[in-house]
Amino acid sequence: MADLSPPKTLNFNVGVLGHVDSGKTSLARALSSTASTAAFDKNPQSKERGITLDLGFSAFTVPLPEHLKESCGERQYDSLQFTLVDCPGHASLIRTIIGGAQIIDLMMLVVDVVKGMQTQTAECLLIGQLTCSHMIVILNKTDLLPNDKRQAAIDKMTKRMHKTLENTRFKGCPIIAVAAKPGGPEAPETDEPQGITELIDLLKAQAFFPRRDPSGSLLMAVDHCFSIRGQGTVITGTILQGSLSVSDNVEIPALKVTRKVKSVQIFRKPVPSAMQGDRVGVCVTQFDPKLLERGVVCTPGSLLTLYAAVISVQKIEYYRGALTSHAKFHITVGHETVMARISFFNRVLLASEDGDCNPTSPEQNAKSFSFDWEFHHLDEYLTCQAEDGRGEPQQRALLEFERPVTCPPLCLVIGSRLDSDIHGNACRLAFHGKLLEGFEDKNYIETALPRLKISKDKQKEGAVERVIDDYTVIGRNLFKKETNLQLFVGLKVTLSTGETGSIEGGFGQSGKIKIRIPEGLKEETKQLLSSSSKKKGKGGAKNESSKSEETKPDAQQVTIHLNFKRYIYDPQKKMVQS
């Protein structure tokens, strides 16, 4: 008896990224046979300007290539569907690009063959490096090159692109030349695209069996939402993790509501369920679609809503600005972009511990933060090499969001300066990292931050004013008159002559202190101090102003050094000495 089960299609997501006007939408249109609901920019502003403002989706299906039949294992597929995610190239829409790049298996970087790499091409390449491991470079608009010089120009640009990609994860990736829309957007549809058949063959050859895991919590990236009267609200998007089935309950975190799944479609074909990597339309019980144009849908209760977070952080080498603590950046986390204040810190390692370099796997990432560890505050991101030459030591940062964000655990975080000149040629992507710990309590400053042991080193310097006896001296200029000296009682100090002592308390009302030297003063120290006091002459100490004492210290004076650290988030502001 013949098998009447419907053909099984493997979905493979291909991101189409590149600079504005490089011809990405024309390329997607030339490749596609089935346009999905979000395809080809319904935005009226986009039609007017001829550029992509939102993520467009479309697809085409080919028979399953031979090399994939072997890697599918028990899961039998008949065909391979390429879902094209057309990301906007306009600089101000980088938020959308980052959202799109998180759902792709392979990236097509579209480059205008005449103009070569441009600012946003470079930014798209960086986003690709953070979110994707496979890439094809498309040299588009070859129809603009003169016939007699066309091949030479293509060869020159191919060579230049290979050189650009040499130090990236995409070194040696395939480069192909096409003309997706000969004559430009206004040209008649009769002009056949050039090189598209060869590109489809290349895509088939480059396709691999993507990691697809139906287990775990559902997370679906939503890119479009609309109502069907009498049926419910349809959400279209891509399943990033887990799976969903008809009759499941799903949560829409942005609206704080749960809805039941009534039906599921994959490119207009009804299916009972869908899993990670599938591009789906999901009909759920009614809600106002205008409230959720873009966002996420998940298993109820599976996502975090964070007011602050600790992340691992790595600077993007092409970012020219400084990364300083307390600065504000645009943070893309999950599928949201929000402003946040950043504070950098690194781990204080014990002598017995190995170096603390950046994690290279999710397992390492999960182990790269603990509230039990000691950390040191950094005024800015360190770009030095680790002592063992293994690259930069791992640095972490605290992000404090201007509004709460919803995201999965251990997700990618990208920091950028989207307010910088969009027409400039500077890279606006500043750093990237992974979410290590999230704070879901609105009052995290009181409830969570005191657990974070980040210290700042403090140094104070003063001078010995006079000797009381062999074991006691009076110090000045360490503290201001108004300082509460009780906080410092018992702290250890060191004299420039080598003796160590401890602060016993204040002396008088002007911020002077009494210091006890348990081992006693050395003979040479006593001589130094007595000769120093003789030099001042009779009554010299009284006549000299405290300002001149500070600014013109006697060459023979003995200085006092006080070193301690303070934990930034300690509500008691205690001083600690090692």
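When the count follows our numbering, it moves up by one through the sequence shown with no breaks and lands on 1919 for the last residue. Virtual Cβ for every residue (Gly too), placed ideally from N, Cα, C. The structure presented is a predicted model; accordingly, all values stated were derived computationally and were not measured.
Around the beta carbon of Lys-1783, a 10 Å sphere encloses fewer than 16 other beta carbons of the protein chains shown; the residue is thus reported as exposed.
DSSP lists Ile-1901 as the bridge partner or partners of Leu-1836. Around the Cβ of Arg-1817, a 10 Å sphere holds 16 or more other Cβ atoms; the residue is buried. With 16 or more other Cβ atoms inside 10 Å of its own Cβ, Ser-1363 counts as buried. Around the Cβ of Pro-1859, a 10 Å sphere holds fewer than 16 other Cβ atoms; the residue is exposed. Contact annotation: Ile-1576 and Met-1616 have beta-carbon atoms that are not nearer than 8 Å.
Using a C-beta cut-off of 8 Å, the segment 1612-1626 makes no contact with the segment 1740-1749, since fewer than three inter-stretch Cβ pairs fall below that distance.
For Lys-1456 and Thr-1505, the gap between their C-alpha atoms comes out near 14 Å.
In the DSSP annotation of this structure, the continuous segment of the alpha helix (DSSP H) that includes Ser-1367 starts and ends at 1365-1372. According to the DSSP assignment, Leu-1471 belongs to the alpha helix (DSSP H) that extends over 1460-1472.
Sixteen is the threshold: when 16 or more other Cβ atoms of the shown chains lie within 10 Å of the Cβ of Thr-1472, as they do, the residue is buried. By the Cβ rule, the segment 1545-1564 counts as touching the segment 1639-1655, because three or more pairs are nearer than 8 Å. Assigned with DSSP and collapsed to three states, His-1717 falls in strand. C-alpha of Arg-1600 to C-alpha of Ile-1537: approximately 42 Å in a straight line. With a 10 Å radius around the Cβ and a threshold of 16 neighbouring Cβ atoms, Lys-1482 comes out buried. A straight-line Cα-Cα distance of about 22 Å links Glu-1658 and Val-1478.
Out of Asn-1352, Pro-1515 and Ala-1493, the CA that lies nearest to the CA of Arg-1552 is found in Asn-1352.
Contact between Ser-1837 and Val-1917 is absent: CB atoms are separated by about 23 Å, not below the 8 Å threshold. Counting along the chain, Gln-1492 sits inside the alpha helix (DSSP H) bounded by residues 1491-1505.
In the same chain as Gly-1578, and ignoring 5 residues on each side of it, the C-beta atoms closer than 6 Å to its own belong to Met-1561, Ala-1562, Val-1563 and Asp-1564, in chain order.
Apart from sequence neighbours up to five positions away, the residues of its chain that approach Asn-1687 with a beta-carbon distance below 8 Å are Asp-1697, Phe-1716, His-1717, Leu-1719, Leu-1723, Pro-1734, Gln-1735, Gln-1736 and Arg-1737, ordered along the chain. C-alpha of Gln-1827 to C-alpha of Glu-1634: approximately 59 Å in a straight line. Counting only the Cα atoms, Thr-1678 lies some 29 Å from Gly-1573. Across the structure, Lys-1545 and Pro-1406 are spaced so that their CA atoms are roughly 7 Å apart. Put simply, of Phe-1712, Lys-1631, Lys-1799 and Gln-1461 the residue whose alpha carbon is nearest the alpha carbon of Phe-1820 is Lys-1799.
Here Val-1830 is exposed, its C-beta having fewer than 16 other C-beta atoms within 10 Å. With contacts defined as CB atoms closer than 8 Å, Glu-1823 and Ile-1901 fail to qualify as a contacting pair. Assigned with DSSP and collapsed to three states, Ile-1541 falls in helix.
Pro-1594 places its beta carbon 8 Å or farther from that of Ser-1604. Straight across, the Cα-Cα distance linking Lys-1500 with Cys-1465 is about 20 Å. For Pro-1534, the CB contacts under 6 Å within the same chain, skipping 5 residues up- and downstream, are Ala-1371 and Ala-1521 in chain order.
Under the DSSP assignment, Ser-1586 falls in the beta strand (DSSP E) whose first and last residues are 1584-1586.
Secondary structure remark: continuous alpha helix (DSSP H) runs of at least 4 residues inside the segment 1835-1870: none found.
In the displayed model, Asn-1687 falls within a strand according to three-state DSSP. The C-beta of Arg-1609 has fewer than 16 other C-beta atoms within 10 Å across all chains shown, which makes the residue exposed. Given a length threshold of 3 residues, each whole run of the beta strand (DSSP E) inside the segment 1780-1828 is given here in chain order: 1795-1810 and 1813-1817.
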